[in-house]
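Engineer: Shown below is the structure under consideration.
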Amino acid sequence: MPLYEKLLKVDTRIIYVLVLLAMLIPMIKPMGLPIGVSENTRKVYNLIESLPEGSVILVSHDTGPGNAPELNPMLTALARQAFRKNLKIVAMCLFDQANGPQFIQDSIEPVAQEMGKEYGKDWINLGYKMQAQQTLKMMIDDFWKGANNVDWSGKDLSQFPIMANVKSIKKDVAVIFETTVGTPGYADWMTYVAEPTGKPLTGGASLTMYSGVQQYIRSGQLKGFLGGMRGAAEYEKLVGKPGKGSAGMDSQSIGHLIVIGLIIIGNIGYYMQRKAALKK
Amino acid sequence: MQKELPLIIVFVSGILVMLSKFFNFWRLPELVATLDKWSIVMSTFAMLMGIIELTRLHVNNVRRRRINWYYSIVTLLAIYLYLPVVLIQGPEGPSPKWITTNVSQPIGSAIYAILGFYIVSAAYRSFKARNLEASILLVAAVLLMLGQAPIGEAIWSGFPKISDWILTVPNSAGMRGINIGAYIGIFATSIRVLLGLERSWTGSGS
Numbered sequence: 158m159p160l161y162e163k164l165l166k167v168d169t170r171i172i173y174v175l176v177l178l179a180m181l182i183p184m185i186k187p188m189g190l191p192i193g194v195s196e197n198t199r200k201v202y203n204l205i206e207s208l209p210e211g212s213v214i215l216v217s218h219d220t221g222p223g224n225a226p227e228l229n230p231m232l233t234a235l236a237r238q239a240f241r242k243n244l245k246i247v248a249m250c251l252f253d254q255a256n257g258p259q260f261i262q263d264s265i266e267p268v269a270q271e272m273g274k275e276y277g278k279d280w281i282n283l284g285y286k287m288q289a290q291q292t293l294k295m296m297i298d299d300f301w302k303g304a305n306n307v308d309w310s311g312k313d314l315s316q317f318p319i320m321a322n323v324k325s326i327k328k329d330v331a332v333i334f335e336t337t338v339g340t341p342g343y344a345d346w347m348t349y350v351a352e353p354t355g356k357p358l359t360g361g362a363s364l365t366m367y368s369g370v371q372q373y374i375r376s377g378q379l380k381g382f383l384g385g386m387r388g389a390a391e392y393e394k395l396v397g398k399p400g401k402g403s404a405g406m407d408s409q410s411i412g413h414l415i416v417i418g419l420i421i422i423g424n425i426g427y428y429m430q431r432k433a434a435l436k437k
Numbered sequence: 010m011q012k013e014l015p016l017i018i019v020f021v022s023g024i025l026v027m028l029s030k031f032f033n034f035w036r037l038p039e040l041v042a043t044l045d046k047w048s049i050v051m052s053t054f055a056m057l058m059g060i061i062e063l064t065r066l067h068v069n070n071v072r073r074r075r076i077n078w079y080y081s082i083v084t085l086l087a088i089y090l091y092l093p094v095v096l097i098q099g100p101e102g103p104s105p106k107w108i109t110t111n112v113s114q115p116i117g118s119a120i121y122a123i124l125g126f127y128i129v130s131a132a133y134r135s136f137k138a139r140n141l142e143a144s145i146l147l148v149a150a151v152l153l154m155l156g157q158a159p160i161g162e163a164i165w166s167g168f169p170k171i172s173d174w175i176l177t178v179p180n181s182a183g184m185r186g187i188n189i190g191a192y193i194g195i196f197a198t199s200i201r202v203l204l205g206l207e208r209s210w211t212g213s214g215s
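In order, the protein sequences belong to chains A and B.
Position 3, counted from 1, in the first sequence is what the numbering used here calls 160; the numbers after and before it change by one each time, with no gaps.
Position 4, counted from 1, in the second sequence is what the numbering used here calls 13; the numbers after and before it change by one each time, with no gaps.
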């Protein structure tokens with residue numbers, strides 16, 4: 158078998174093993190590569206930092222299990238920054254009914270407990286809300302109605318002191334923090350909430366969405382952006398507490414190198430094959 | 010009337026919602042808010058219909074011993090065992106939490122993670138510099154991968170800057186063009202639906 162054919166026909170199993178090792182080894186033995194902080198991440202951090210004490214951040218955590226490793230660390234880092242500044246978090250999800258509320262709980266509650274913050278007073282999990290666009294439209298003027306008057310566990314919102322000061326997005330929310338994997342996403346929040354009310358919209362998304370949101374960042378409609386696990390790692394760095402986002406960065410680095418290496422091998426094989434064909 | 014009534018409802022509702030964006034007279038905002046509420050309630054009914062339809066389909070699969078009928082049993086068990094557990098304990102109860110954390114999330118993550126292996130394999134097999142366009146795509150992809158991972162920055166500090174430029178300038182321009190085109194398409198389709206010219210959603214074809 159000529160060399161170019163060997164280069165063009167690397168066994169799929171070898172590729173899979175390489176990818177697996179690229180993911181596993183850095184997790185077991187981290188390299189600790191330095192992570193530079195991008196301007197977009199800094200904007201998110203600065204926006205939250207600029208809020209006065211007691212301000213309400215409305216979080217919409219719209220992800221399923223597939224993208225949760227990228228987006229959950231963003232929420233944890235946000236909670237850490239917000240609670241440190243005595244800000245309030247009102248969280249909900251519009252995407253995954255089964256997993257979304259649990260992601261919110263698992264990402265925020267441990268930080269809240271660690272920092273002495275109380276559920277219902279400093280933060281609340283409203284769970285999943287159906288029909289994103291209609292819910293958002295309602296919440297602008299009547300937040301409780303949009304939330305169906307209950308939190309995740311079905312308890313009446315009047316039981317929670319935090320909700321006494323959150324009657325509408327228009328009057329009581331300082332910033333919207335949206336983490337998304339597509340739809341519902343930034344387009345919905347911009348169209349129905351951020352543009353009509355002038356509330357600043359920020360947040361993060363999976364890396365696959367990074368190219369799609371650039372236009373919103375450039376136009377200023379999105380105030381900063383956390384791009385995938387890298388964005389989460391950068392945010393963790395700014396908040397000063399490395400977490401799961403930072404832990405995944407070495408694996409991502411080696412994974413990217415494996416992909417680039419394989420693409421180069423494939424192209425060398427392709428070039429040699431073409432040359433051989435021309436000779437014939 | 011069976012065909013006309015849905016068209017009339019869509020036309021009236023659509024016009025009311027559109028008017029509410031531009032005018033504030035009579036009780037229009039309240040009316041549109043009520044329509045929004047109805048829409049949420051109807052979604053709940055749609056979910057109920059989905060459960061009924063799913064049950065019918067899978068019960069038939071089991072009854073008629075269709076191919077892979079045993080997976081239908083798993084689906085039915087998942088629906089009808091999880092439902093009472095949540096109804097009794099609430100979504101935040103220990104059992105739903107255990108099921109979500111130890112079954113739903115790992116399965117979802119695993120399925121998504123498998124994609125990573127396929128993508129690497131597909132990139133190796135298909136990403137070839139066959140012509141100028143493919144070569145530009147290839148170079149852009151490599152630069153972006155190096156710019157997004159810390160190792161790229163460790164190799165050369167210019168990679169993140171190049172990656173950033175690709176994303177913010179040519180990429181933004183392309184995405185805006187695509188989005189404008191898509192929204193014009195959505196607008197045209199919406200007008201066709203409102204005027205009853207597009208009727209495929211009624212099940213009767215255009």
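Even glycine gets a Cβ: it sits at the ideal position worked out from N, Cα and C.
1) Tell me the rounded alpha-carbon separation between L175 (chain A) and P226 (chain A).
2) To the nearest angstrom, how far is the alpha carbon of S376 (chain A) from that of R185 (chain B)?
3) Check each candidate in A:I171, A:L283, A:S310 and name the one with the smallest Cα separation from F300 (chain A).
4) If you measure beta-carbon to beta-carbon, which residues of the region 170-196 of chain B are closer than 8 angstroms to chain A?
5) Flag G284 (chain A) as yes if its beta-carbon sits less than 8 angstroms from any beta-carbon of chain B, otherwise no.
6) With T348 (chain A) as the anchor, note down where its alpha helix (DSSP H) starts and where it stops.
7) What does the alpha-carbon distance come out to for the pair I88 (chain B) and V94 (chain B)?
8) In chain order, what are the residue ranges of uninterrupted beta strand (DSSP E) at least 3 long that sit wholly in the region 198-274 of chain A?
9) Under 8 angstroms between the Cβ atoms of I108 (chain B) and Y91 (chain B)?
10) Find the nearest neighbour of F51 (chain B) within the set A:Y173, A:T336, A:Q288, A:V268, judged by alpha-carbon distance.
11) Near M231 (chain A), which residues of its chain fall below 8 angstroms by C-beta distance, leaving aside the five closest residues on each side in sequence?
12) Can you name, in chain order, every residue of its own chain whose Cβ lies under 6 angstroms from the Cβ of G228 (chain A), other than the five neighbours on each side?
13) For the beta strand (DSSP E) containing T337 (chain A), name the first residue and the last one.
14) Taking I411 (chain A) and P183 (chain A) to be in contact with their CB atoms under 8 angstroms, please state how far apart those CB atoms are, rounded to whole angstroms.
15) Do I49 (chain B) and T354 (chain A) have their C-beta atoms closer together than 8 angstroms?
16) With DSSP as the reference, label A138 (chain B) as helix, strand or coil.
17) Name the chain A residues that come within less than 7 angstroms of L40 (chain B), Cβ to Cβ?
18) Go ahead and label Q371 (chain A) buried or exposed: buried means 16 or more other beta carbons lie within 10 angstroms of its beta carbon, across all protein chains shown.
19) Taking Cβ positions, are T233 (chain A) and G400 (chain A) nearer each other than 8 angstroms?
20) Rounded to whole angstroms, what is the Cα-Cα separation between L25 (chain B) and V41 (chain B)?
21) Taking all protein chains shown into account, decide if V178 (chain B) is buried (16 or more other Cβ within 10 angstroms of its Cβ) or exposed.
22) Start and end of the beta strand (DSSP E) containing A304 (chain A)?
23) Assuming contact is defined by CB atoms lying nearer than 8 angstroms, are P100 (chain B) and S310 (chain A) in contact in what I supplied?
24) Within the same chain, show all residues whose beta-carbon is closer than 7 angstroms to that of A119 (chain B), passing over the 5 residues directly before and after it, in chain order.
25) Compare the C-beta of Y121 (chain B) with all C-beta atoms of chain A and state if any pair is closer than 8 angstroms.
26) Which of helix, strand or coil does DSSP assign to L190 (chain A)?
27) As an exercise, report each continuous alpha helix (DSSP H) stretch of at least 4 residues that is fully enclosed by the region 105-157 of chain B, in chain order.
28) Quick one: grab the DSSP three-state call for T340 (chain A).
29) Does T110 (chain B) have its Cβ less than 8 angstroms from a Cβ in chain A?
30) With DSSP as the reference, identify every bridge partner of N282 (chain A), one or two as the case may be.
31) So A42 (chain B) is in the alpha helix (DSSP H); what residue range does that whole segment cover?
32) Note the first and the last residue of the continuous alpha helix (DSSP H) segment covering L358 (chain A).
33) Does A132 (chain B) pass the burial test, meaning 16 or more other C-beta atoms within 10 Å, or should it be called exposed?
34) Would you list, in sequence order, the uninterrupted alpha helix (DSSP H) runs of no fewer than 4 residues that lie entirely inside the region 351-415 of chain A?
35) Does chain B have any CB closer than 8 angstroms to the CB of L190 (chain A)?
36) Straight-line CA distance for V71 (chain B) to A158 (chain B)?
Structural biologist: This is what the structure holds:
1) Counting from 1 along the first sequence, the entry for residue 175 (chain A) is found at position 18. Counting from 1 along the first sequence, the entry for residue 226 (chain A) is found at position 69. As the crow flies, the alpha-carbon of L175 (chain A) is around 21 angstroms from that of P226 (chain A).
2) Position 219 of the first sequence, counted from the start, is the residue given in the question as residue 376 (chain A). Position 176 of the second sequence, counted from the start, is the residue given in the question as residue 185 (chain B). Cα-Cα distance, rounded: 11 angstroms.
3) Taking the first sequence and counting its residues from 1, the one referred to as residue 300 (chain A) is at position 143. Taking only the C-alpha atoms, the option nearest F300 (chain A) is A:L283.
4) Only those residues of the region 170-196 of chain B whose C-beta falls short of 8 angstroms from the nearest C-beta of chain A are listed: D173, L176, T177, N180, S181, M184, R185, N188.
5) The sequence position of residue 284 (chain A) within the first sequence is 127, counting from 1. A Cβ of chain B is located within less than 8 angstroms of the beta carbon of G284 (chain A).
6) Stepping through the first sequence from its first residue, residue 348 (chain A) is reached at position 191. Counting along the chain, T348 (chain A) falls outside any alpha helix (DSSP H), and DSSP gives it neither H nor E.
7) One-based indexing of the second sequence puts residue 88 (chain B) at position 79. One-based indexing of the second sequence puts residue 94 (chain B) at position 85. About 10 angstroms.
8) Within the region 198-274 of chain A, complete beta strand (DSSP E) segments of at least 3 residues are found at 213-219, 245-250, given in chain order.
9) Sequence index remark: in the second sequence, residue 108 (chain B) carries index 99 (1-based). Sequence index remark: in the second sequence, residue 91 (chain B) carries index 82 (1-based). Yes, the Cβ-Cβ distance between I108 (chain B) and Y91 (chain B) is below 8 angstroms.
10) The count along the second sequence starts at 1 and reaches residue 51 (chain B) at position 42. In the sequence as presented, Phe is not what sits at residue 51 (chain B); that position holds Met. Minimum Cα distance to M51 (chain B) is reached at A:Q288.
11) Residue 231 (chain A) sits at position 74 when you count from the first residue of the first sequence. Result list for M231 (chain A): T336, G360, G361, L383, G388, A389, Y392, G402, in chain order.
12) In the first sequence, the residue the question calls residue 228 (chain A) occupies position 71. Sequence check: residue 228 (chain A) is Leu here, not Gly. The answer, listed in chain order, is T220, T336.
13) Position 180 of the first sequence holds residue 337 (chain A). It spans 332-337 - the beta strand (DSSP E) in which T337 (chain A) sits, taken as one unbroken run.
14) Your numbering for residue 411 (chain A) matches position 254 in the first sequence. Your numbering for residue 183 (chain A) matches position 26 in the first sequence. Yes, I411 (chain A) and P183 (chain A) are in contact; Cβ-Cβ is about 5 angstroms, under 8 angstroms.
15) Here residue 49 (chain B) refers to the residue found at position 40 when the second sequence is read from its first residue. Here residue 354 (chain A) refers to the residue found at position 197 when the first sequence is read from its first residue. No, these two residues do not count as a Cβ contact at 8 angstroms.
16) Sequence index remark: in the second sequence, residue 138 (chain B) carries index 129 (1-based). Coil at A138 (chain B), not helix or strand.
17) Taking the first residue of the second sequence as position 1, residue 40 (chain B) is located at position 31. Chain A residues near L40 (chain B): none, gap ~13 angstroms exceeds 7 angstroms.
18) Position 214 of the first sequence, counted from the start, is the residue given in the question as residue 371 (chain A). Of the residues assessed, Q371 (chain A) falls on the buried side of the cut-off, its CB having 16 or more other CB atoms within 10 angstroms.
19) The count along the first sequence starts at 1 and reaches residue 233 (chain A) at position 76. The count along the first sequence starts at 1 and reaches residue 400 (chain A) at position 243. Contact: yes.
20) Taking the second sequence and counting its residues from 1, the one referred to as residue 25 (chain B) is at position 16. Taking the second sequence and counting its residues from 1, the one referred to as residue 41 (chain B) is at position 32. Rounded to whole angstroms, the separation of the alpha carbons of V41 (chain B) and L25 (chain B) is 7 angstroms.
21) On the second sequence, residue 178 (chain B) is found 169 positions in, with the first residue counted as 1. Exposed is the call here.
22) Translated into the one-based positions of the first sequence, residue 304 (chain A) becomes position 147. No beta strand (DSSP E) contains A304 (chain A), which DSSP labels as neither H nor E.
23) By 1-based counting over the second sequence, the position of residue 100 (chain B) is 91. By 1-based counting over the first sequence, the position of residue 310 (chain A) is 153. Yes.
24) If you number the second sequence from 1, residue 119 (chain B) lands on position 110. Excluding residues within five positions, none has a Cβ falling inside 7 angstroms.
25) The residue given as residue 121 (chain B) occupies position 112 in the second sequence. Y121 (chain B) counts as touching chain A.
26) Along the first sequence, one-based indexing puts residue 190 (chain A) at 33. Here L190 (chain A) sits in coil by DSSP.
27) Qualifying alpha helix (DSSP H) stretches, in chain order: 114-135, 141-157.
28) What you label residue 340 (chain A) is simply residue 183 of the first sequence in a count that begins at 1. Under the three-state reduction of DSSP output, T340 (chain A) falls in the coil class, being neither helix nor strand.
29) In the second sequence, the residue the question calls residue 110 (chain B) occupies position 101. Yes, its Cβ sits closer than 8 angstroms to a Cβ of chain A.
30) Position 125 of the first sequence, counted from the start, is the residue given in the question as residue 282 (chain A). Looking at the DSSP assignment, N282 (chain A) forms a beta bridge with A:A248.
31) As a working note, residue 42 (chain B) is residue 33 in the second sequence. First-last of the alpha helix (DSSP H) with A42 (chain B): 37-72.
32) Taking the first residue of the first sequence as 1, we reach residue 358 (chain A) at position 201. Per DSSP, L358 (chain A) lies in no alpha helix (DSSP H); the unbroken beta strand (DSSP E) holding it starts and ends at 358-362.
33) As a working mapping, residue 132 (chain B) is identified with position 123 in the second sequence. Buried, because 16 or more other Cβ atoms sit within 10 Å of the Cβ of A132 (chain B).
34) Taken in chain order, the unbroken stretches of alpha helix (DSSP H) that lie wholly in the region 351-415 of chain A and span 4 residues or more are 367-376, 385-396, 401-404.
35) Translated into the one-based positions of the first sequence, residue 190 (chain A) becomes position 33. Cβ-Cβ to chain B under 8 angstroms: yes for L190 (chain A).
36) In the second sequence, counting from the first residue as 1, residue 71 (chain B) sits at position 62. In the second sequence, counting from the first residue as 1, residue 158 (chain B) sits at position 149. Going from the Cα of V71 (chain B) to the Cα of A158 (chain B) covers about 49 angstroms.
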